[in-house]
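Peer 1: Take this structure first; my questions come after.
In this note's numbering, the protein residues as written are 12 to 309.
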């Protein structure tokens with residue numbers, strides 16, 4: 012008993028220090044999730060004079076069937092953004108990290124330069140790129156006209172608006188992923204590269220047979236995290252395109268925003284938010300499974 016008491020006191024002290032953080036996490040994370048779940052089954056009202064009514068699955072029926080075309084466009088655009096973000100932006104941080112890691116001089120300067128967009132506020136970056144994409148005085152279309160090419164009108168053309176958002180998001184986030192890949196590259200045993208050089212391996216062969224296999228687990232994890240993040244896109248299309256043209260960049264969170272703050276239909280907003288939450292939970296489970304398997308293999 013005498014040996015147990017110090018252990019109990021130590022755990023009690025640790026629990027006391029953790030308690031405020033746990034309370035804050037529950038208050039600002041779990042309580043809103045529980046509230047969203049409850050509201051999604053209600054005709055919810057903020058007016059205390061108008062009581063909320065339990066409507067069951069009616070909110071889900073409304074967003075899936077009555078507003079089904081708009082909801083389908085929102086989910087389709089999010090999936091398109093995820094695919095384009097993976098095609099355009101997934102390998103760029105890997106290439107940047109490998110290129111900087113292979114440098115003998117000046118790599119610190121390039122690390123800082125590529126990381127600067129990450130520390131810039133997202134709203135500032137979005138407004139800046141909105142002016143870059145502007146159809147008349149925008150930088151990109153001005154350059155195109157200077158070299159004799161027709162102006163594209165990136166954000167007013169449904170065929171290019173989503174690609175424009177992906178390019179901007181890639182420019183904003185590539186530096187953060189690059190730093191993580193650089194950290195993974197620093198963990199590659201130098202003996203592997205030394206042995207490869209003694210065998211006469213070229214730079215391309217070293218990258219293909221040593222570098223890529225060594226950082227492949229990190230690439231998998233960051234790929235899943237990128238998918239989770241891109242499902243929640245809101246700020247970029249909200250500021251740059253307002254979901255247009257012709258709902259070509261309208262996303263799930265914009266649907267939630269419109270239902271909640273324009274139509275004041277909190278039940279349907281919560282229902283769509285709950286569906287997105289379930290998708291993100293599924294992706295998070297995939298992420299946890301992948302990290303656990305990779306940890307066991309390592």
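Backbone N, C-alpha and C fix where the C-beta goes; we use that ideal spot for every residue, glycine too.
Just how far apart, CA to CA, sit residue 149 and residue 179?
Peer 2: The straight-line gap from Cα to Cα measures roughly 14 Å.
Peer 1: Residue 189 lies in the alpha helix (DSSP H); which residues open and close that run?
Peer 2: Element bounds for residue 189: 169-197.
Peer 1: Whole angstroms are fine: how far does the CA of residue 295 sit from the CA of residue 286?
Peer 2: Roughly 14 Å between the two C-alpha positions.
Peer 1: Residues bridged to residue 237 by DSSP?
Peer 2: Looking at the DSSP assignment, residue 237 forms no beta bridge with any residue, so it has no partner.
Peer 1: Identify whether residue 53 lies in helix, strand or coil by the three-state DSSP scheme.
Peer 2: Three-state DSSP puts residue 53 in a strand.
Peer 1: From the DSSP secondary-structure annotation, give me the bridge partner or partners of residue 64.
Peer 2: Beta-bridge pairing links residue 64 to 54.
Peer 1: Whole angstroms is fine: what's the gap from residue 297's alpha carbon to residue 55's?
Peer 2: Using only the alpha carbons, I get a separation of about 33 Å.
Peer 1: How far does the alpha helix (DSSP H) with residue 266 in it reach, from first residue to last?
Peer 2: Its alpha helix (DSSP H) spans residues 263-268.
Peer 1: In its own chain, which residues sit with a C-beta less than 7 Å from the C-beta of residue 291, not counting the 5 before and 5 after it?
Peer 2: For residue 291, where only same-chain residues beyond five positions count, the Cβ hits under 7 Å are 239 and 242.
Peer 1: So is residue 176 buried or exposed if we call it buried at 16+ other beta carbons inside 10 Å?
Peer 2: Result: buried.
Peer 1: If you draw a straight line from the C-alpha of residue 68 to the C-alpha of residue 85, how long is it?
Peer 2: Approximately 20 Å between the Cα atoms of the pair.
Peer 1: Tell me the rounded alpha-carbon separation between residue 228 and residue 303.
Peer 2: In a straight line, the C-alpha of residue 228 is about 11 Å away from that of residue 303.
Peer 1: Would you please state the rounded distance, in angstroms, between the beta carbons of residue 144 and residue 166? I believe it to be under 8 Å.
Peer 2: The Cβ separation is near 5 Å, so the contact holds.
Peer 1: Residue 251 lies in the alpha helix (DSSP H); which residues open and close that run?
Peer 2: Residue 251 -> alpha helix (DSSP H) spans 246-251.
Peer 1: CB residue 185 to CB residue 104, shorter than 8 Å?
Peer 2: Yes, they are a contact pair.
Peer 1: Short check: CB of residue 262 to CB of residue 172, under 8 Å?
Peer 2: Contact flag unset, no.
Peer 1: In the DSSP assignment, find the unbroken alpha helix (DSSP H) run with residue 153 in it and report its ends.
Peer 2: Run containing residue 153: 150-157, per the alpha helix (DSSP H) assignment.
Peer 1: Secondary structure at residue 131, three-state DSSP: helix, strand or coil?
Peer 2: In the structure shown, residue 131 sits in coil (DSSP, three-state: anything other than H, G, I, E or B).
Peer 1: To the nearest angstrom, how far is the alpha carbon of residue 59 from that of residue 65?
Peer 2: So the two alpha carbons sit approximately 16 Å from each other.
Peer 1: Please state whether DSSP places residue 243 in a helix, a strand or coil.
Peer 2: The answer is coil: DSSP assigns residue 243 none of H, G, I, E or B.
Peer 1: Just the C-alpha distance for residue 82 and residue 50, rounded to the nearest angstrom, thanks.
Peer 2: Rounded to the nearest angstrom, the two C-alpha atoms are 19 Å apart.
Peer 1: Counting Cβ pairs, one atom from each stretch, are 3 or more of them under 8 Å apart for the stretch 185-202 and the stretch 101-115?
Peer 2: Touching, per the Cβ criterion.
Peer 1: Does the stretch 131-138 touch the stretch 209-224, meaning 3 or more C-beta pairs lie closer than 8 Å?
Peer 2: No, because fewer than three Cβ pairs between the stretch 209-224 and the stretch 131-138 fall closer than 8 Å, the two stretches do not touch.
Peer 1: Go ahead and label residue 267 buried or exposed: buried means 16 or more other beta carbons lie within 10 angstroms of its beta carbon, across all protein chains shown.
Peer 2: Buried: at least 16 other Cβ atoms inside 10 Å.
Peer 1: Three-state secondary structure (DSSP) at residue 276?
Peer 2: Looking at residue 276 - three-state DSSP - the assignment turns out to be coil, as it is neither helix nor strand.
Peer 1: Are residue 74 and residue 282 touching if we call contact CB-CB under 8 Å?
Peer 2: Yes, the Cβ-Cβ distance between residue 74 and residue 282 is below 8 Å.
Peer 1: To the nearest angstrom, how far is it from the Cα of residue 124 to the Cα of residue 30?
Peer 2: Roughly 41 Å separates the two Cα atoms.
Peer 1: Which term fits residue 52, buried or exposed, when burial requires 16 or more other beta carbons within 10 angstroms of its beta carbon?
Peer 2: Classification of residue 52: buried, given that the 10 Å Cβ count is 16 or more.
Peer 1: Alpha helix (DSSP H) containing residue 106: first to last residue?
Peer 2: 103-113 is the extent of the alpha helix (DSSP H) around residue 106.
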